[in-house]
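Student: Below you'll find the structure I mean.
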Amino acid sequence: MYNQIAGGNNGKTFGQILKELRRAKGVSQRNLAEKVGVDFSYISKIENDRLPPPAADTIVRICEALSVPPDELLSTTGKMPTSAKEMIGTSSAALQFIREAEEMKLSESEWEQLVEKLKYLRKD
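If you're matching positions, the sequence shown starts at 717 in my numbering and goes up one per residue.
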């Protein structure tokens, strides 16, 4: 089984989570595949854990097609969108921020607090 998910997803795989999201939105595999630009059998194989989770950019397209925040699926894979990678790669301050955060070994609660502080700063 590919990508067994721990924590808040009750041990579900990426494929299981994707299947649940897709069904909850009332979207068929064929329709999702068409919106994402892949073959429906690819979606089926992912949902049935016969393939690993797709690349981050494909996950983002899946999320857009299902109208769910990309973080909802990306976080289950440990992947990040190409745009985030590019921002970190071109911004020395962003890279320093990530390094500092990594060294601090923040808990989930501390990460949530940090995100809230960043949102507050953005309002100014």
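Ideal Cβ placement from N, Cα and C applies to all residues, glycine included.
I need the DSSP call for Thr-798, collapsed to helix, strand or coil.
Tutor: For the purposes of this step, residue 798 is identified with residue 82 of the sequence shown, where counting begins at 1. Here Thr-798 sits in helix by DSSP.
Student: For Asn-749, I'd like the list of residues in its chain whose CB is within less than 7 Å of its CB, leaving aside the five on either flank, ordered along the chain.
Tutor: Here the question's residue 749 lines up with position 33 in the sequence shown. The amino acid occupying residue 749 in the given sequence is Ala; Asn does not appear at that position. Taken in chain order, the residues that qualify are Asp-755, Phe-756, Tyr-758 and Ile-759.
Student: Using alpha carbons as the reference points, say which of Thr-792, Asp-765 and Arg-766 lies closest to Ile-775.
Tutor: Counted from its first residue, the sequence shown places residue 775 at position 59. That would be Thr-792, whose Cα lies nearest to the Cα of Ile-775.
Student: When the Cα atoms are used, what is the spatial distance from Gly-723 to Gln-732?
Tutor: Position 7 of the sequence shown, counting from 1, holds the residue named residue 723. Position 16 of the sequence shown, counting from 1, holds the residue named residue 732. Low per-residue confidence applies at Gly-723: pLDDT is 41, beneath 50, and the placement is therefore not dependable enough to give any value.
Student: Sorted by chain position, which residues of the same chain lie with C-beta nearer than 8 Å to Gln-745's C-beta, five sequence neighbours on each side aside?
Tutor: Reading the sequence shown from its first residue, position 29 is the one you call residue 745. Excluding sequence neighbours, Gln-745 sits near Arg-738, Phe-756, Ile-759, Ser-760 and Glu-763.
Student: Would you identify the three-state DSSP class for Asp-765, choosing helix, strand or coil?
Tutor: Translated into positions along the sequence shown, residue 765 becomes position 49. Reduced to three states, the DSSP call for Asp-765 is coil.
Student: Only counting the same chain, and skipping five residues up and downstream in sequence, which positions put a Cβ closer than 6 Å to that of Leu-789?
Tutor: Residue 789 sits at position 73 when you count from the first residue of the sequence shown. Result list for Leu-789: Ile-775 and Cys-779, in chain order.
Student: Using the Cβ count rule (16 or more neighbours within 10 Å means buried), how would you classify Lys-735?
Tutor: Residue 735 sits at position 19 when you count from the first residue of the sequence shown. Buried, by the Cβ-count rule.
Student: Which stretch, first to last residue, makes up the alpha helix (DSSP H) that contains Asp-773?
Tutor: Taking the sequence shown and counting its residues from 1, the one referred to as residue 773 is at position 57. That run of the alpha helix (DSSP H) goes 772 to 782.
Student: What whole-angstrom Cβ distance do Arg-777 and Val-743 have, given they're in contact under 8 Å?
Tutor: Within the sequence shown, numbered from 1, the residue matching residue 777 stands at position 61. Within the sequence shown, numbered from 1, the residue matching residue 743 stands at position 27. That belief does not hold up - the Cβ atoms of Arg-777 and Val-743 are roughly 13 Å apart, past 8 Å.
Student: The alpha helix (DSSP H) that contains Leu-790, what's its start and end?
Tutor: If you number the sequence shown from 1, residue 790 lands on position 74. First-last of the alpha helix (DSSP H) with Leu-790: 786 to 790.
Student: Considering only their Cβ atoms, is the gap separating Ala-781 from Lys-795 smaller than 9 Å?
Tutor: By 1-based counting over the sequence shown, the position of residue 795 is 79. By 1-based counting over the sequence shown, the position of residue 781 is 65. It is not a contact, given that the beta carbons lie outside the stated cut-off.
Student: Are Ala-810 and Met-803 touching if we call contact CB-CB under 9 Å?
Tutor: Position 94 of the sequence shown, counted from the start, is the residue given in the question as residue 810. Position 87 of the sequence shown, counted from the start, is the residue given in the question as residue 803. Contact flag set, yes.
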